[in-house]
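Undergrad: Pasting a structure here, questions to come.
Residue numbers (the numbering used here): 3 to 284.
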C-alpha cells in the first residue's frame, strides 16, 4: 500500500468513454490520475493529465513511459486486434515495473453458458467474437504475477450518461420500439457503484477476478420496462426478441471475491438511484 504522501499514479486508458470518464471523476480527487482520449477534444487537449491515444495507430508504451503509472486501468474500446497488441505491451510493462493492471472485461466471457449464473473461478467460454476477444486478453494478463492483476467482469452498466440509457431515451423520443429479451436473466450495475468498488479495490490493494454485478437477478424485459416507466408515463412500444425458447443466463455473481456490504447494489436500488438522478436533473 502506498502512503498518502506517495499516492498511486493511475493511468486510465479510455478515460473519455462512459466507464473511463466515471472512473476519472471518482479517482481524480484522491490520486494522481491520468487518462487517454481518442477523438480530438479541446477540453482534453487543455488538460495536461490527458493524452490523445488511438489504439489502432499509437504505441501505448510511449504513454506508459511518460506517466510511469503504478496502476493501469484499461477500459479501451476500438479494433480488437489493435487492443490485443496494446495489452501485450501493457503486460510487458507491468511485468518489469512496480505496477498493477486493472482490466475491464465482460459477462460475455461466459455467453456460451446459458443455464446458470457465472462465478469468478468458472471456466470462460464464449460464442461471440466480443467474448472471445475479452477471454484472449484475460488469459494473457492472468499469466502475469498474481498480485499484479485485477480482472473486472461487468454485467450491463447503467448510468445517466450510459449509452444504453441514451439509446432507450432516443427510442422514446422517436416513438420507435425498444428491444427487450424476455428469456434473458441477467444482473446489472451503475457507473456510480462500480467506481466506488474500483476505488476500494485500489485502496485495499486487492488482486484477482471480481464480478461487480447486482446481488439479485432480473429478467431483461421486466427491468427495461421498469426503467422506461421512470422516464416517461407515455405509452411505449416494445419489441420482444426471443433468441431461445428457454431462459438464458448472462449474469456474473461473486462467490470468492466478495466486497463489503456497503458496496453491494441490487436492481431496485439501481432503479431508485437513476430515478433520483433524473428527478434531480429534470
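Note that beta-carbon positions come from the ideal geometry of N, C-alpha and C, so glycine has one too.
Because the structure is a prediction, the values reported are computed rather than measured.
Please list the terminal residues of the continuous beta strand (DSSP E) segment that includes residue 82.
TA: Translated into the one-based positions of the chain shown, residue 82 becomes position 80. Per DSSP, residue 82 belongs to no beta strand (DSSP E); it is in the alpha helix (DSSP H), 82-98.
Undergrad: Please tell me whether residue 250 and residue 116 are closer than 7 Å, where the distance is taken between their beta carbons.
TA: For the purposes of this step, residue 250 is identified with residue 248 of the chain shown, where counting begins at 1. For the purposes of this step, residue 116 is identified with residue 114 of the chain shown, where counting begins at 1. The answer is yes: Cβ separation under 7 Å.
Undergrad: Does the distance from the C-beta atom of residue 214 to that of residue 192 stay below 7 Å?
TA: The count along the chain shown starts at 1 and reaches residue 214 at position 212. The count along the chain shown starts at 1 and reaches residue 192 at position 190. Contact flag unset, no.
Undergrad: My understanding is that residue 240 touches residue 180, with C-beta atoms under 8 Å, so please give their C-beta distance in whole angstroms.
TA: Residue numbering aside, residue 240 sits at position 238 when the chain shown is read from its first letter. Residue numbering aside, residue 180 sits at position 178 when the chain shown is read from its first letter. Residue 240 to residue 180, Cβ: 5 Å. Contact.
Undergrad: Give the DSSP-derived three-state secondary structure of residue 188 in the structure shown.
TA: Here the question's residue 188 lines up with position 186 in the chain shown. Strand.
Undergrad: Count the other CB atoms, across all protein chains shown, that sit within 10 Å of the CB of residue 2; report buried if there are 16 or more and exposed otherwise.
TA: Summary: the structure shown does not reach residue 2, with the chain confined to residues 3 through 284, and so no result is reported for it.
Undergrad: Taking the DSSP output, what are the residues bridged to residue 120?
TA: Counting from 1 along the chain shown, the entry for residue 120 is found at position 118. 254.
Undergrad: Assign residue 11 to one of three DSSP states: helix, strand, or coil.
TA: On the chain shown, position 9 is the one that residue 11 refers to. Of the three classes helix, strand and coil, the one that applies to residue 11 here is strand, per DSSP.
Undergrad: CB residue 2 to CB residue 160, shorter than 7 Å?
TA: Because residue 2 is not part of the residues shown, which for the chain are 3 to 284, the question remains open.
Undergrad: Counting Cβ pairs, one atom from each stretch, are 3 or more of them under 8 Å apart for the region 133-143 and the region 260-272?
TA: Taking 8 Å as the limit for Cβ pairs, the verdict is that the region 260-272 does not touch the region 133-143.
Undergrad: Secondary structure at residue 50, three-state DSSP: helix, strand or coil?
TA: Numbered from 1 along the chain shown, position 48 holds the residue referred to as residue 50. Coil, per DSSP.
Undergrad: Let's test the definition: count the other Cβ atoms within 10 Å of the Cβ of residue 73 and tell me whether it reaches 16, buried, or not, exposed.
TA: One-based indexing of the chain shown puts residue 73 at position 71. Residue 73 is buried by the Cβ-count criterion.
Undergrad: So what's residue 130 in DSSP terms, helix, strand or just coil?
TA: Your numbering for residue 130 matches position 128 in the chain shown. The answer is coil: DSSP assigns residue 130 none of H, G, I, E or B.
Undergrad: Given a cut-off of 7 Å, decide if residue 254 and residue 120 are closer than it, judged by their beta-carbon atoms.
TA: Numbered from 1 along the chain shown, position 118 holds the residue referred to as residue 120. Numbered from 1 along the chain shown, position 252 holds the residue referred to as residue 254. It is a contact, given that the beta carbons lie within the stated cut-off.
Undergrad: So, is residue 21 buried or exposed, given that buried needs 16 or more other C-beta atoms within 10 angstroms?
TA: Numbered from 1 along the chain shown, position 19 holds the residue referred to as residue 21. Answer is buried; the Cβ neighbour count reaches 16.
Undergrad: Is it true that the region 53-60 meets the region 97-113, where meeting means three or more beta-carbon pairs spaced less than 8 Å apart?
TA: Contact between the region 53-60 and the region 97-113 is absent, because fewer than three Cβ pairs lie under 8 Å.
Undergrad: Should residue 7 go down as buried or exposed, given a rule of 16 or more other Cβ atoms within 10 Å for buried?
TA: The residue you call residue 7 lines up with position 5 of the chain shown. Here residue 7 scores only 45 on pLDDT, less than 50, and its place in the model should not be relied on; the value that follows carries that caveat. Exposed, because fewer than 16 other Cβ atoms sit within 10 Å of the Cβ of residue 7.
Undergrad: Looking only at its own chain, which residues have a Cβ that is under 6 Å from the Cβ of residue 195, when we skip the five neighbours before and after it?
TA: The count along the chain shown starts at 1 and reaches residue 195 at position 193. Taken in chain order, the residues that qualify are 267.
Undergrad: For the 8 Å Cβ check, are there 3 or more pairs between the region 149-169 and the region 197-215?
TA: Touching, yes, given that three or more Cβ pairs across the two stretches are closer than 8 Å.
Undergrad: What are the partner residues of residue 181, as DSSP defines its beta bridges?
TA: As a first step, residue 181 is located in the chain shown; it is residue number 179 there, counting from the start. Partner(s): 241.
Undergrad: The beta strand (DSSP E) spanning residue 36 covers which residue range?
TA: As a position in the chain shown, residue 36 is number 34, starting the count at 1. Per DSSP, residue 36 belongs to the beta strand (DSSP E) from 34-39.
Undergrad: For residue 19, which residues from the same chain have a beta carbon less than 7 Å from its beta carbon, with the 5 sequence-adjacent residues on both sides left out?
TA: Here residue 19 corresponds to residue number 17 of the chain shown, with the count starting at 1. Result list for residue 19: 77 and 79, in chain order.
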